[in-house]
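Using the numbering used here, read the sequence shown as starting at 18 and increasing by one per residue.
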Amino acid sequence: MRESFDGRFIVFEGLDGSGKSSVILGVKEILLKKGQEVVLVADPPTIEPWISLKEYFEQGEKIDKVAEAFMLLASRIDNTSRIIKKSLIRGSIVLADRYYPSWLVYQQVRLSDVIGFSEATMFLDQLQSIVEDYNLVLKPDKIIFLQGDPKAFAQRLKERNGYKSSKYDDIDFQHRVAEAYEQILANESCEVFFVDVMNLSLSEVITRVMNYIH
Numbered sequence: 018m019r020e021s022f023d024g025r026f027i028v029f030e031g032l033d034g035s036g037k038s039s040v041i042l043g044v045k046e047i048l049l050k051k052g053q054e055v056v057l058v059a060d061p062p063t064i065e066p067w068i069s070l071k072e073y074f075e076q077g078e079k080i081d082k083v084a085e086a087f088m089l090l091a092s093r094i095d096n097t098s099r100i101i102k103k104s105l106i107r108g109s110i111v112l113a114d115r116y117y118p119s120w121l122v123y124q125q126v127r128l129s130d131v132i133g134f135s136e137a138t139m140f141l142d143q144l145q146s147i148v149e150d151y152n153l154v155l156k157p158d159k160i161i162f163l164q165g166d167p168k169a170f171a172q173r174l175k176e177r178n179g180y181k182s183s184k185y186d187d188i189d190f191q192h193r194v195a196e197a198y199e200q201i202l203a204n205e206s207c208e209v210f211f212v213d214v215m216n217l218s219l220s221e222v223i224t225r226v227m228n229y230i231h
């Protein structure tokens, strides 16, 4: 049974370069002005020991891919226990820059090359079902998916000051991730809102997201 909380849990998903971080900061500012307590989290988490592994998660390829999937799952369970649940109990609005949908999508694509697409999908779905059944990972109240052209997002990243390349940057990989997102979010049981960001300014995206949140 899903745990009940006074707060709300909003997850933002999308490809790298879709503008999630900027949108989240804009939404946070509006909510704070309305007197809401807001907590920002990310996946992988920005708490120790996971923050120290961030560079490895984004660039390392030394560990077995299945083992890495378990490490990322462990980081989410830890973040949920230490930060997310406690914040929701206090009545905070938790805004997450990625959560389990990212894990399902990215690991599905990566593990497909190891154990096959169908097997990877079934394996990850079973793991997700187990951790949800035991409330180790939570169902969000809403998921906001920022969608658009993977090539355009990749170009945004290249133009960003201080951007470090990632093992996920390959454009073919990003196209596969975009397709996997559509499949997984179409079967998601919580509310999912799709925002096409390609022809919208940042302020317009934030306004649209706020309409969905309320």
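The beta carbon of each residue, even a glycine, is placed where N, CA and C say it ideally should be.
Quick one: is residue i buried, meaning 16 or more other Cβ sit within 10 Å of its Cβ, or exposed?
i: residue 228; result: exposed
i: residue 87; result: exposed
i: residue 219; result: exposed
i: residue 199; result: exposed
i: residue 36; result: buried
i: residue 201; result: buried
i: residue 27; result: buried
i: residue 130; result: exposed
i: residue 224; result: exposed
i: residue 8; result: The structure shown does not extend to residue 8, since the chain spans only 18 to 231, so no value can be given for it.
i: residue 203; result: exposed
i: residue 150; result: exposed
i: residue 34; result: buried
i: residue 187; result: exposed
i: residue 143; result: exposed
i: residue 157; result: buried
i: residue 66; result: exposed
State the start and end residues of the unbroken alpha helix (DSSP H) segment that holds residue i.
i: residue 76; result: 71-76
i: residue 12; result: Nothing can be reported for residue 12: it is not among the residues displayed for the chain, which extend from 18 to 231.
i: residue 140; result: 134-150
i: residue 189; result: 188-203
i: residue 95; result: 82-96
i: residue 220; result: 219-230
With DSSP collapsed to three states, give me the class of residue i.
i: residue 164; result: strand
i: residue 155; result: coil
i: residue 170; result: helix
i: residue 130; result: helix
i: residue 212; result: strand
i: residue 121; result: helix
i: residue 110; result: strand
i: residue 181; result: coil
i: residue 64; result: coil
i: residue 79; result: coil
i: residue 115; result: coil
For residue i, collect the residues of the same chain with a Cβ closer than 6 Å to its Cβ; drop the 5 residues on either side in sequence, then sort them by chain order.
i: residue 72; result: none
i: residue 152; result: 20
i: residue 210; result: 161, 229
Quick check on the DSSP output: the beta strand (DSSP E) that includes residue i runs from which residue to which?
i: residue 29; result: 25-31
i: residue 56; result: 55-59
Is residue i near the ligand ADP, going by C-beta to nearest heavy atom under 6 Å?
i: residue 95; result: Annotation note on the ligand ADP: not contained in the displayed structure, which lists no ligands.
Throw me the rounded Cβ distance for the residue i and residue j pair, which I believe falls under 8 Å.
i: residue 112; j: residue 24; result: The Cβ separation is near 11 Å, so there is no contact.
i: residue 49; j: residue 55; result: 6 Å
i: residue 170; j: residue 114; result: Not really, about 15 Å apart at Cβ, beyond 8 Å.
For residue i, which residues from the same chain have a beta carbon less than 7 Å from its beta carbon, with the 5 sequence-adjacent residues on both sides left out?
i: residue 17; result: Only positions 18 to 231 of the chain appear in this structure, which leaves residue 17 out of reach.
i: residue 78; result: 184
i: residue 126; result: 190, 193, 194, 197
i: residue 75; result: 183, 184
Might you give, ordered along the chain, the residues of its own chain that have their beta carbon closer than 8 Å to the beta carbon of residue i, omitting 5 neighbours on each side?
i: residue 141; result: 86, 120, 121, 124, 125, 128
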